[in-house]
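If you're matching them up, the sequences are chains P and Z in order.
The first sequence begins at 216 in this note's numbering and counts up by one.
The second sequence begins at 12 in this note's numbering and counts up by one.
From the three backbone atoms N, C-alpha and C, an ideal C-beta is built for every residue, glycine too.
Fair warning: this is a prediction, and the values are worked out from it, not measured in the lab.
Worksheet for the structure shown next.
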Amino acid sequence: MERTLYREIKATGPVWQVAIWLGLFMAAMLASVVYVEHHGHAVTGMTNHVVWGLPHVFAIFLIVAASGALNVASMASVFDKVQYKPLARLSGVLAMALLAGGLAVLVLDLGRPDRLLVAMTTYNFSSIFAWNVLLYTGFLGLVAVYLFAQMSRGMPPGAIKSIGTLAFLWRLALTTGTGSIFGWLVARPGYDAAIMAPLFIAMSFSFGLAVFILVLSALYQLADRPLGAGLVIRMGRLLAIFAALVLYFTAVQHLTNLYAAEHAGFEAFILSDGGIYTTLFWGGQVLIGGLIPIAMIYHPTFGKTANAARAASVCVVLGGFAQVYVIVIGGQAYPMELLPGYTVTSGLGDGAVAAYRPRWPELLLGLGGVALALLATGLAAKVLRILPTNLSDANTGQEG
Amino acid sequence: MTRIKGAELSRRDFLRSGAAVASATLAPGVTLIAFGGSQAQAAADAGKRWGLLIDAGKCDAGCSACVSACRDENGWGGHGNPDTDAQWIRKVTLKNKTTGHETSMPVMCQHCAEPPCVDVCPTGASFKRADGIVLVDKHTCIGCRYCMMACPFKARSFVHEPIVNQKSHAPRGQGTVESCTLCVHRVDAGGTPACVEACAGAGHEAILFGDLNDPDSQISKRLAEYPSAALRPDLGLGQGVRYANL
Chain P
216 MERTLYREIK
226 ATGPVWQVAI
236 WLGLFMAAML
246 ASVVYVEHHG
256 HAVTGMTNHV
266 VWGLPHVFAI
276 FLIVAASGAL
286 NVASMASVFD
296 KVQYKPLARL
306 SGVLAMALLA
316 GGLAVLVLDL
326 GRPDRLLVAM
336 TTYNFSSIFA
346 WNVLLYTGFL
356 GLVAVYLFAQ
366 MSRGMPPGAI
376 KSIGTLAFLW
386 RLALTTGTGS
396 IFGWLVARPG
406 YDAAIMAPLF
416 IAMSFSFGLA
426 VFILVLSALY
436 QLADRPLGAG
446 LVIRMGRLLA
456 IFAALVLYFT
466 AVQHLTNLYA
476 AEHAGFEAFI
486 LSDGGIYTTL
496 FWGGQVLIGG
506 LIPIAMIYHP
516 TFGKTANAAR
526 AASVCVVLGG
536 FAQVYVIVIG
546 GQAYPMELLP
556 GYTVTSGLGD
566 GAVAAYRPRW
576 PELLLGLGGV
586 ALALLATGLA
596 AKVLRILPTN
606 LSDANTGQEG
Chain Z
12 MTRIKGAELS
22 RRDFLRSGAA
32 VASATLAPGV
42 TLIAFGGSQA
52 QAAADAGKRW
62 GLLIDAGKCD
72 AGCSACVSAC
82 RDENGWGGHG
92 NPDTDAQWIR
102 KVTLKNKTTG
112 HETSMPVMCQ
122 HCAEPPCVDV
132 CPTGASFKRA
142 DGIVLVDKHT
152 CIGCRYCMMA
162 CPFKARSFVH
172 EPIVNQKSHA
182 PRGQGTVESC
192 TLCVHRVDAG
202 GTPACVEACA
212 GAGHEAILFG
222 DLNDPDSQIS
232 KRLAEYPSAA
242 LRPDLGLGQG
252 VRYANL
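See the structure below:
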């Protein structure tokens with residue numbers, strides 16, 4: 216077993232190729248933002264009925280995944296799982312990059328993105344959104360310090376553990392805040408539930424680890440460095456537990472709603488007759504995002520390969536997007552009740568399921584945020600010593 | 012003595028300005044008053060609680076005079092796209108699920124005492140005046156639309172397209188959120204909202220405007236005499252808009 220050596224990745228041809236592609240996606244994102252700024256949000260699929268659209272699905276996925284991506288570092292320095300120590304630096308970098316990508320999408324979709332300074336200087340502390348601005352910026356600062364501590368020579372392990380513990384607690388608060396954006400919306404039947412906070416925490420564990428496994432695998436492929444199957448399989452096992460946790464909270468959420476007659480309409484909409492939302496819930500979230508990856512990882516033969524963990528990660532990411540789509544768009548598409556005991560109709564779509572068709576500026580904005588997160592991570596791997604030269608199982612002490 | 016007194020005064024002024032800075036950081040709603048950031052806020056009379064009583068029994072299903080009057084008064088005419096056009100006030104039809112009885116009535120911002128839009132607004136752009144009128148400060152709205160997610164009445168609109176020919180008394184802005192202002196410019200000048208006038212002009216007199224705090228006002232007397240209801244009473248928002256004869 217060698218000493219763990221962290222080295223920058225080399226700017227090879229394939230690295231440049233990936234970077235150029237990601238750069239193109241970011242350029243497309245900026246073009247989309249200028250286009251929407253010029254013509255107004257009327258050129259997007261978002262309306263006065265579905266006010267948060269595809270950009271918010273991307274942004275929330277990235278923000279939720281960001282806090283989960285830090286878990287690998289937390290396992291190393293907070294829970295003393297030494298096998299994960301070599302991965303802790305990438306974990307911190309990826310967490311910051313994903314958050315930056317998500318926030319970029321969120322900010323660039325604002326009606327007035329030029330007023331970002333207003334959002335950062337004028338706070339209404341009864342708004343969970345305002346608290347989230349502080350939680351997000353605090354997270355970026357705290358993880359930067361955490362990363363600095365990890366990379367500093369001679370930093371006492373106790374100090375790293377203290378900062379890591381603080382970052383871990385902060386990330387729990389952050390995801391609670393993100394879930395509460397929906398949980399505290401009393402008006403809409405799809406939200407208004409305290410379980411949104413723990414559900415989002417479970418989602419962050421799952422999405423964050425899936426993204427981490429994929430980014431780690433891609434970076435080691437690009438850098439042509441050894442990455443042990445045992446390490447990836449081990450993370451895959453953890454991913455299966457997290458995916459099951461998401462299913463558990465989802466089941467509790469819907470079973471509780473089913474018990475209350477007042478929520479019967481919304482539950483029927485999501486679970487049986489909501490069209491695209493029902494398809495995305497059962498096919499996307501439950502099957503692709505939950506049951507299939509769990510089955511892959513626990514499969515007696517395929518489950519013993521690193522590719523099972525990677526394929527499961529792809530499934531969790533796809534299912535995760537479906538889940539966030541159902542929460543964000545489905546929750547708005549379902550009509551609100553104006554007066555209990557009455558049905559309502561109007562020329563403004565009262566009482567009817569709202570239609571939503573995302574348009575290309577929204578897709579480009581969302582994909583640009585993903586590209587920003589990936590490019591920032593790759594750039595950090597190029598200029599900082601965050602990736603160990605050798606992550607073979609022999610070198611990381613995996614049992615395989 | 013005079014110099015010492017002067018020094019005291021300047022220290023007091025300094026502390027006062029420090030408090031202003033603190034309130035700028037801690038309570039954006041307060042700074043709107045303190046710095047005159049919103050003339051509308053400063054014009055509010057804290058002793059009043061403006062409200063509407065809408066008599067659904069008098070509202071004609073085929074009439075939309077209130078909607079047209081609001082649109083003309085505040086200049087939110089659309090671009091022919093009902094999904095993205097602003098709609099400060101709309102006519103809805105309520106049907107009793109048990110009896111099948113149908114009622115027509117206008118719905119606009121309900122000017123809640125506990126407005127969810129104000130609670131969720133990250134910058135404090137959504138605010139409630141001392142007289143109960145809920146408004147949006149167009150200078151601090153960043154267009155996040157969280158207030159639209161929070162409003163139980165779909166009363167708010169996001170300006171989806173560039174705007175031309177605005178009314179000087181009802182400033183609007185692309186990329187910001189807006190809703191019924193209860194014709195605050197008229198109210199502050201001692202008048203009544205345009206919808207109230209139009210409804211009376213159409214011969215229905217289904218909308219009554221007045222001060223809910225004044226027990227002698229016509230609206231207070233009518234509310235005391237006849238039953239009325241607020242929309243979504245389960246949320247306990249204390250709306251300034253109430254409905255009779257549903």
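Residue 255(Z) is bridged by DSSP to 66(Z). Within the same chain, 304, 600, 601, 602, 603 come within 7 Å of residue 221(P) by CB-CB distance, once the 5 residues on both sides are set aside. Of all residues in the region 531-559 of chain P, those with a C-beta nearer than 8 Å to a C-beta of chain Z are 547, 551, 552, 553, 554, 555, 556, 557, 558, 559, reading in chain order. For residue 518(P), the closest C-alpha among the options 530(P), 451(P), 260(P), 547(P) is that of 451(P).
With a cutoff of 8 Å on beta-carbon distance, residue 430(P) and residue 592(P) are scored as near each other.
Counting only runs of 4 or more residues that sit fully inside the region 141-171 of chain Z, the alpha helix (DSSP H) segments are 157-161, in chain order. Around the beta carbon of residue 116(Z), a 10 Å sphere encloses 16 or more other beta carbons of the protein chains shown; the residue is thus reported as buried. Contact check for residue 162(Z) and residue 325(P): beta-carbon distance about 18 Å, past the 8 Å limit, so the pair fails to qualify. Residue 107(Z) sits in a strand when the DSSP states are folded into three classes. Residue 246(P) and residue 381(P) have their C-alpha atoms some 39 Å from each other. Taking 7 Å as the upper bound on Cβ-Cβ separation, chain Z lies near residues 262, 263, 264, 266, 267 of the region 262-286 of chain P. Taking the Cα positions, residue 58(Z) is about 19 Å away from residue 235(Z).
In the DSSP assignment, the residues bridged to residue 61(Z) are 222(Z). Interface annotation, residue 233(Z): not in contact with chain P, CB-CB separation never under 8 Å. A residue is called buried when at least 16 other Cβ atoms come within 10 angstroms of its Cβ; residue 466(P) does not meet this threshold and is exposed. Along the region 397-413 of chain P, going in chain order, the ones with a CB nearer than 9 Å to a CB of chain Z are 397, 399, 400, 401, 402, 403, 406. Per DSSP, reduced to three states, the secondary structure at residue 382(P) is helical.
Nearest to residue 113(Z) by C-alpha distance, out of 225(P), 567(P), 559(P), is 559(P). By the rule that beta-carbons nearer than 8 Å mark a contact, residue 153(Z) touches chain P.
In chain order, 299, 300, 303 place their CB closer than 6 Å to the CB of residue 291(P), counting only its own chain and leaving out the 5 sequence neighbours on each side. Note that the C-beta distance between residue 121(Z) and residue 242(Z) is below 8 Å.
With respect to chain Z, the C-beta atom of residue 348(P) has a partner C-beta closer than 8 Å. The distance from the Cβ of residue 504(P) to that of residue 455(P) is about 12 Å, inconsistent with a contact at the 8 Å cut-off. With respect to the 8 Å criterion, residue 169(Z) and residue 118(Z) are not classified as neighbours on the basis of their beta carbons. Beta-bridge analysis with DSSP links residue 606(P) to 442(P). Beta-carbon to beta-carbon, residue 255(Z) and residue 66(Z) are separated by about 5 Å, close enough to satisfy the 8 Å threshold.
Where residue 560(P) is concerned, the enclosing beta strand (DSSP E) starts and stops at 557-561. Taking the beta carbon of residue 337(P) as reference, the chain Z residues within 7 Å of it are 39, 134, 135, 151, listed in sequence order.
A distance below 6 Å between beta-carbons, with the five flanking residues on each side excluded, links residue 250(Z) to the following residues of its chain, in chain order: 121, 123, 241. Between residue 509(P) and residue 458(P), the CB-CB gap stays under 8 Å. In the three-state reduction of the DSSP assignment, residue 192(Z) falls in the coil class, being assigned neither a helical nor a strand state. Here residue 597(P) carries a helix assignment [DSSP, helix/strand/coil]. Assignment of alpha helix (DSSP H) within the region 488-555 of chain P, counting only whole runs of 4 or more residues, yields 491-494, 507-513, 521-540 in chain order.
Here residue 321(P) is near residue 274(P), since their CB atoms are less than 8 Å apart. Per the C-alpha coordinates, the member of 390(P), 500(P), 385(P), 530(P) positioned closest to residue 512(P) is 530(P). Nearest C-alpha to residue 409(P) among 422(P), 469(P), 234(P), 370(P): 469(P).
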